[in-house]
Amino acid sequence: MRRRPGIGGLQTAAAARDQYRLLGENVAKIRTDLMKEQLDTFRSQLEEFARKHKNDIRKNPAFRSQFHEMCAKVGVDPLASNKGFWAELLGIGDFYYELGVQIVDICLSTRPLNGGLINLQELCSLLRQRRKSDRGAVSEDDCLRAISKLKVLGSGFEVISVGKKKLVRSVPTELNKDHNEILELAQAQGFVTVDEVERRLSWTSGRAIDALDTLLDEGLAMIDDGHRDGRRRYWFPCISPNSSSIGADS
Amino acid sequence: MQKLGEFKLPQFFNYPPYFTLQPVKETREKQVQLWKELILDYCRTQKIFIIGLEEEFPLFSNPVIERSLSHEGREAFLSALVSEGRAEWMDKGHRKCLILWHRIQDWADIILQYVKDNGLEDSVVTIEEIRSGTESQGTELYGIDRTILNRALKLLEQKGKLVIFKGTSADDEGVKFSV
Chain W
1 MRRRPGIGGL QTAAAARDQY RLLGENVAKI RTDLMKEQLD TFRSQLEEFA
51 RKHKNDIRKN PAFRSQFHEM CAKVGVDPLA SNKGFWAELL GIGDFYYELG
101 VQIVDICLST RPLNGGLINL QELCSLLRQR RKSDRGAVSE DDCLRAISKL
151 KVLGSGFEVI SVGKKKLVRS VPTELNKDHN EILELAQAQG FVTVDEVERR
201 LSWTSGRAID ALDTLLDEGL AMIDDGHRDG RRRYWFPCIS PNSSSIGADS
Chain L
251 MQKLGEFKLP QFFNYPPYFT LQPVKETREK QVQLWKELIL DYCRTQKIFI
301 IGLEEEFPLF SNPVIERSLS HEGREAFLSA LVSEGRAEWM DKGHRKCLIL
351 WHRIQDWADI ILQYVKDNGL EDSVVTIEEI RSGTESQGTE LYGIDRTILN
401 RALKLLEQKG KLVIFKGTSA DDEGVKFSV
């Protein structure tokens, strides 16, 4: 458009801006309405789906996990609140809260044995023992989900990965890289020796002993002087399948 | 699960570090606790009253994992029982230990129950009869250690529930109940 001088030109420009703005608002409104409509449809579809597969979600851990994944993808958290549609429909909030309480309970009761670090698999099997047969199966995914909800309590519940294994930590101990590497090394046999740590990780003996002493002090390791080669072994109840399920029965 | 005869061994029995005294206090406390329970449980089910520290004792070694308790370990666990009144050293050198899976007081109550069950309220029985008579068969008194039995009877005597009288030999020591 050729620029025209004078008041008339300015007025035309202002009028054009108004027109554009109106048009823009209209388009935006149409878009929002469309989005709202889509969301409503989506929500009702999701509800429909959840209603239809209610029993599967409750009883089948694999299905439950996939359902959660789907919800996460679209930004819906069925566990965000115990009130409202999801909780009423599925009672799924209660399920995880209950699981959370049981997990805390198990972690506390086995703490004297494992120093507050427990293998996720073991936690799950203890959880299953405790829940017996009722109310369907519990998967590791369910455990992880319940633990992630415990984080809001600020109680230091955390899942850490060591090598291939997942460990659940219920004490505020900070494990540094050295400790993690030792735990990873110990997964092969359940124990390590100072020699082995020095050799396999190429550490000085001071570094190895220091890290092992810390793990001992934290109650995460136990010494064993009974092997006939005379070398002290450091065992880690949190990764040995043998140890920490004892406390649960007593 | 590993077994000793009919006795089910706990899982920690197969975990080697439990056979070494732990240096860290909290870990050691839990270790001692588990061993105390195991020793009492085992003695109760197997009717064992005396543990000799230098003798073979099935709980003190586990051939499956090739571990056995050191002398310090044995003494530490038994001492823990002693300090709780669940065991007593029988000599100064701590070589023999009397295990009280029932305290003396509880044994005394068991004797009183036995008296009631068999209508012996005003009768005379020999001490040997209490340990091995037909009435005691199937009760916990059957085969009870002589030392423990004597201690329980003395306690009851102090309370005026019975009178002990000595015979010419240990076999004909007897008691007269007056419950």
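Listed in order, the protein sequences are those of chains W and L. Counted the way the working numbering counts, the first sequence spans residues 1 to 250. Counted the way the working numbering counts, the second sequence spans residues 251 to 429. Note that the Cβ used here is the ideal one computed from N, Cα and C, for glycine as well.
So, with DSSP's three-state summary, where would you put residue i?
| i | result |
| --- | --- |
| residue 60 of chain W | coil |
| residue 12 of chain W | helix |
| residue 238 of chain W | coil |
| residue 35 of chain W | helix |
| residue 311 of chain L | strand |
| residue 165 of chain W | strand |
| residue 117 of chain W | strand |
| residue 29 of chain W | helix |
| residue 48 of chain W | helix |
| residue 158 of chain W | strand |
| residue 354 of chain L | helix |
| residue 232 of chain W | coil |
| residue 197 of chain W | helix |
| residue 203 of chain W | coil |
| residue 407 of chain L | helix |
Report yes or no: is there a C-beta of chain W within less than 8 Å of the C-beta of residue i?
| i | result |
| --- | --- |
| residue 277 of chain L | yes |
| residue 274 of chain L | yes |
| residue 316 of chain L | yes |
| residue 270 of chain L | yes |
| residue 366 of chain L | no |
| residue 280 of chain L | yes |
| residue 392 of chain L | no |
| residue 292 of chain L | no |
| residue 267 of chain L | yes |
Applying the criterion that 16 or more other CB atoms from any shown protein chain within 10 Å of the CB defines a buried residue, is residue i buried or exposed?
| i | result |
| --- | --- |
| residue 192 of chain W | buried |
| residue 210 of chain W | exposed |
| residue 267 of chain L | buried |
| residue 333 of chain L | exposed |
| residue 367 of chain L | exposed |
| residue 204 of chain W | exposed |
| residue 36 of chain W | exposed |
| residue 21 of chain W | exposed |
| residue 281 of chain L | buried |
| residue 196 of chain W | buried |
| residue 142 of chain W | buried |
| residue 39 of chain W | exposed |
Can you grab the Cα-Cα spacing for the pair residue i / residue j, in whole Å?
| i | j | result |
| --- | --- | --- |
| residue 166 of chain W | residue 322 of chain L | 37 Å |
| residue 6 of chain W | residue 14 of chain W | 13 Å |
| residue 275 of chain L | residue 269 of chain L | 16 Å |
| residue 291 of chain L | residue 64 of chain W | 44 Å |
| residue 392 of chain L | residue 346 of chain L | 22 Å |
| residue 271 of chain L | residue 383 of chain L | 43 Å |
| residue 370 of chain L | residue 283 of chain L | 40 Å |
| residue 126 of chain W | residue 398 of chain L | 41 Å |
| residue 219 of chain W | residue 237 of chain W | 9 Å |
| residue 98 of chain W | residue 173 of chain W | 26 Å |
| residue 247 of chain W | residue 361 of chain L | In this prediction, residue 247 of chain W scores a pLDDT of 38, lower than 50, which makes its location untrustworthy; no coordinate-derived value is stated. |
| residue 354 of chain L | residue 401 of chain L | 7 Å |
| residue 250 of chain W | residue 380 of chain L | Low local confidence applies: a pLDDT of 31 at residue 250 of chain W is under 50, so the model's placement there is unreliable, with the coordinate-based value given in what follows. Computed Cα separation, rounded: 34 Å. |
| residue 48 of chain W | residue 28 of chain W | 29 Å |
| residue 386 of chain L | residue 363 of chain L | 11 Å |
| residue 350 of chain L | residue 299 of chain L | 7 Å |
| residue 186 of chain W | residue 212 of chain W | 12 Å |
| residue 255 of chain L | residue 293 of chain L | 13 Å |
Using a beta-carbon distance below 8 Å, is residue i in contact with chain L?
| i | result |
| --- | --- |
| residue 240 of chain W | yes |
| residue 222 of chain W | yes |
| residue 217 of chain W | yes |
| residue 212 of chain W | no |
| residue 113 of chain W | yes |
| residue 225 of chain W | yes |
| residue 228 of chain W | yes |
| residue 203 of chain W | no |
Output, in sequence order along the chain, the residues in the segment 130 to 159 of chain W whose CB is closer than 8 Å to any CB in chain L. none
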